[in-house]
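Q: Be aware that the sequence shown starts at 520, since it is given in the numbering used here, and climbs by one per residue.
Each residue gets a CB set at the ideal place from its N, CA and C atoms; glycine is no exception.
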Amino acid sequence: SVKLKTPATTKTYQGKWMLQTDTGTTFGLGANADGSFWVRVKVDQNLAVTAASVTVVPPNHNGACPVNLAITSSVTTNTSGKISYYFITSLGNSGTFEMTFDAAGAKTTPVYTLPVLITGPVTVSFYNDYPNHQEFGAVTIPVTCTP
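This is how it looks when you write it as C-alpha cells:
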C-alpha cells in the first residue's frame, strides 16, 4: 500500500511511480507494463468562517411580553463550502442550521425567532459549529416587560 498525505499549500500536485513485485520486478501501466502510475491532487483552500456579526430586531424592548426577537447574522467565509451554525442565547440555544457559500464572501442567515417571556437582558451570539467551532458577535438586548 502507498500512504499519501495532502499537502498544506494550495495548488495542484502530481506524483508518478512504478510498482515492484515481491521478487523485485518493476512494472507499471500500458501494453509493455512500463508506464508510470500517477495521481493528481488539487489542494483547495480550507473553508473557514472569518467573521460573523449578530443583528437583533428590535435592539431593545420596553412593552408587553411575550415579544419575538428576530435574530440574523452576517457571516463571511474565505472560500466556498457548507457551514453549520447555531445561535447561543441566554434563554437557550437554537437548533443547528446549515448555509452554503458558492464563493468567498458574506451572506446573511435566515431569521431565527426567539420568543422572550420575561424582563431581563437577553444575550445572543453566533456559533460556527463547522468548520471553525468558534463563537462570534455577542450582543445584549435589554427587555423590560410591562403589564
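1. Figure out for me which residue from T542, W557, D541 and T540 has the closest Cα to the Cα of L548.
2. With three or more beta-carbon pairs closer than 8 Å as the criterion, would you say the segment 540-554 touches the segment 566-583?
3. State the beta-bridge partners of N651 as determined by DSSP.
4. Using DSSP bridges, identify the partner residues of A570.
5. What did DSSP end up calling C664 once you bin it into helix, strand or coil?
6. From T596, S603, K601 and T608, pick the residue whose C-alpha is nearest to that of I590; which is it?
7. Less than 7 Å between the C-beta atoms of K601 and T619, yes or no?
8. If you reduce the DSSP assignment to three classes, tell me which class V635 lands in.
9. What residue from S644, V594 and C584 has the CA that sits closest to G624's CA?
10. How long is the line joining the alpha carbons of T531 and S555, rounded to whole angstroms?
11. Taking just the CA atoms, how far does D648 sit from G656?
12. In the structure shown, what three-state DSSP assignment does M537 receive?
13. Residues bridged to L588 by DSSP?
14. For the beta strand (DSSP E) that S609 lies in, which residues bound it at each end?
15. Among the candidates A552, P585 and V643, whose CA atom is the shortest distance from the CA of T540?
16. Is it true that the CB of V573 sits closer than 7 Å to the CB of V641?
A: The relevant details are as follows:
1. Locating residue 548 in the sequence shown gives position 29, where the first residue counts as 1. Measuring from the Cα of L548, the nearest candidate turns out to be W557.
2. With a cut-off of 8 Å on Cβ pairs, the segment 540-554 is not in contact with the segment 566-583, counting fewer than three such pairs.
3. By one-based count along the sequence shown, residue 651 stands at place 132. Its beta-bridge partners do not exist; DSSP assigns none.
4. Within the sequence shown, residue 570 is the residue found at index 51, counting from 1. In the DSSP output, where bridge partners are listed per residue, A570 has T595.
5. Position 145 of the sequence shown, counted from the first residue, corresponds to residue 664. Three-state DSSP puts C664 in a strand.
6. Within the sequence shown, numbered from 1, the residue matching residue 590 stands at position 71. Nearest C-alpha to I590: T608.
7. Within the sequence shown, numbered from 1, the residue matching residue 601 stands at position 82. Within the sequence shown, numbered from 1, the residue matching residue 619 stands at position 100. Yes, the pair counts as a contact, with Cβ atoms nearer than the cut-off.
8. Against the sequence shown, residue 635 aligns to sequence position 116. Strand.
9. For the purposes of this step, residue 624 is identified with residue 105 of the sequence shown, where counting begins at 1. Selected option, being the one with the closest Cα: V594.
10. Numbered from its first residue, the sequence shown carries residue 531 at position 12. Numbered from its first residue, the sequence shown carries residue 555 at position 36. Distance between the alpha carbons of T531 and S555 is about 18 Å.
11. If you number the sequence shown from 1, residue 656 lands on position 137. If you number the sequence shown from 1, residue 648 lands on position 129. A direct Cα-Cα distance of roughly 14 Å separates G656 from D648.
12. Against the sequence shown, residue 537 aligns to sequence position 18. In this structure, M537 counts as coil in the three-state DSSP scheme.
13. Mapped onto the sequence shown, residue 588 falls at position 69. Paired residues: L633.
14. Position 90 of the sequence shown holds residue 609. First-last for S609: undefined, no H or E at that position.
15. Here residue 540 is taken as the residue at index 21 of the sequence shown, counted from 1. It is A552 whose Cα lies nearest to the Cα of T540.
16. The count along the sequence shown starts at 1 and reaches residue 641 at position 122. The count along the sequence shown starts at 1 and reaches residue 573 at position 54. Taking 7 Å as the Cβ cut-off, V641 and V573 do not qualify as a contacting pair.
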